[in-house]
Amino acid sequence: MFHHNLQLVALSALWGTSFMLTRFAAPILGPNLLAALRMGMAAVALACIMRRLRLRWPIEHWRELGLLALLGVAAPHAMFAWSALYMPAGYSALLYVTSVLFGALASAWMKEESLTGPKLAGCVLGIVGAAFLVQLGPLDPSPRLVMAVSIAIVGAAVSGMSAPMLKRAVTRMDPLAITAGMHLIAFVLLLPGAIVDWPRARFSAGALAAVFVMGTFTSGIAWWLYARIMRHVSPLVALSSTFMITAFGVLWAVLFLGETLDTGIYLGGALLVLSCLLVMGFDPRRWMAAMPARSRDP
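Plus 648 on top of the position in the sequence shown (first one is 1) and you've got the numbering used here.
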């Protein structure tokens, strides 16, 4: 288990860079083109690894892979790329934590997890946290910001909903084959939007380098690692890496993009983290009840 937890930390640090890179590259290339190029780069990298390992493509599971591609990578990356045009990378990283909420709801619906009172309370608290982030954050709550936050939450929602589906898929298919198939299909799904963005794109070495890093590492390699971990842990445990992704995402944005933190981000972020702790099974009543017993221990 320690080995898998260490992998989750490494995965979180890697995934956390994607918010910073998306914030940098989306205004240059356009959100649709950026998302498509990212998926295409990931598909190429994973296809090369598959060829090296002589794995076959799971063509017979194309319907399942298509749904995973849409919910797990295509829709979330396109939505977060669009949101990055109007809000800081730190906002995106904090809002991504809501994927845990929707992952819990999807896991309960698919009978992978049970839905309790504290988990429902966590869902409500997550909405309140997002509202605090918008209202009290360093940016004025303009209609564009509200729209960007809403779209980012939808992106996090569909990403979280794909977790229990991925858990079931890895029991029948190789994680590398799943990941490669997902990103190839996602590239095809995003291609029409990329064609629309192409004439307005301003290609630069920095933007293309960001695409290479995101496609090869934060999408391709990271998703392969995530699918491998999913074989050994529950969907919610795998989604728990979202907390670390958020922390790394905010940290990279502050260090490399010069973004600032204020009371609204602290308060909204704390509520989002608390909401996800509740959704993951933390029960404050049990914790408080255990405190007297602990104090009596010698």
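All C-beta atoms, glycine included, are put in the ideal place defined by N, C-alpha and C.
Keep in mind that this is a model prediction, so the values were computed, not measured.
Collapsed DSSP secondary structure at residue i in the structure displayed
| i | result |
| --- | --- |
| M821 | coil |
| G906 | coil |
| F667 | helix |
| S790 | coil |
| Y734 | coil |
| L873 | helix |
| H880 | coil |
| R700 | helix |
| R850 | coil |
| W757 | helix |
| A861 | The sequence given here places Val at residue 861; Ala does not occur at that position. Helix at V861. |
Residue i versus residue j - alpha carbon distance
| i | j | result |
| --- | --- | --- |
| A658 | A695 | 23 Å |
| L669 | R848 | 19 Å |
| V806 | A918 | 22 Å |
| S867 | V692 | 11 Å |
| G777 | G916 | 4 Å |
| R820 | T908 | 45 Å |
| A941 | S740 | Confidence at A941 is low in this model, with a pLDDT of 46, below 50, so its placement is unreliable and no value can be given for it. |
| S880 | D845 | Before going further, note that residue 880 is His rather than Ser in the sequence given. For H880 and D845, the distance between alpha carbons rounds to 40 Å. |
| G863 | W757 | 32 Å |
| P766 | L926 | 6 Å |
| G774 | A754 | 16 Å |
| T952 | A804 | Coverage of the chain is limited to positions 649 through 946, which leaves residue 952 absent and any answer about it impossible. |
| Y874 | L920 | 23 Å |
Classification of residue i by the beta-carbon crowding that lies within 10 angstroms, buried from 16 upward
| i | result |
| --- | --- |
| I799 | buried |
| R671 | buried |
| D910 | exposed |
| L610 | Any answer about residue 610 is impossible in this case: the structure gives the chain only from 649 up to 946. |
| A817 | buried |
| W710 | exposed |
| A853 | exposed |
| L713 | buried |
| I801 | buried |
| I843 | exposed |
| G906 | exposed |
| L903 | exposed |
| S810 | buried |
| A870 | buried |
| D822 | buried |
| S660 | buried |
| S943 | Here S943 scores only 41 on pLDDT, less than 50, and its place in the model should not be relied on; the value that follows carries that caveat. So S943 counts as exposed. |
| P791 | exposed |
| A673 | buried |
Determine, using beta-carbon pairs with one atom in the stretch 822-841 and one in the stretch 677-693, whether at least three such pairs fall under 8 Å. yes
Is there contact between the stretch 812-831 and the stretch 704-720, where contact requires at least three CB pairs shorter than 8 Å? yes
Say whether the stretch 894-904 touches the stretch 737-751, bearing in mind that this needs 3 or more beta-carbon pairs closer than 8 Å, one atom from each stretch. yes
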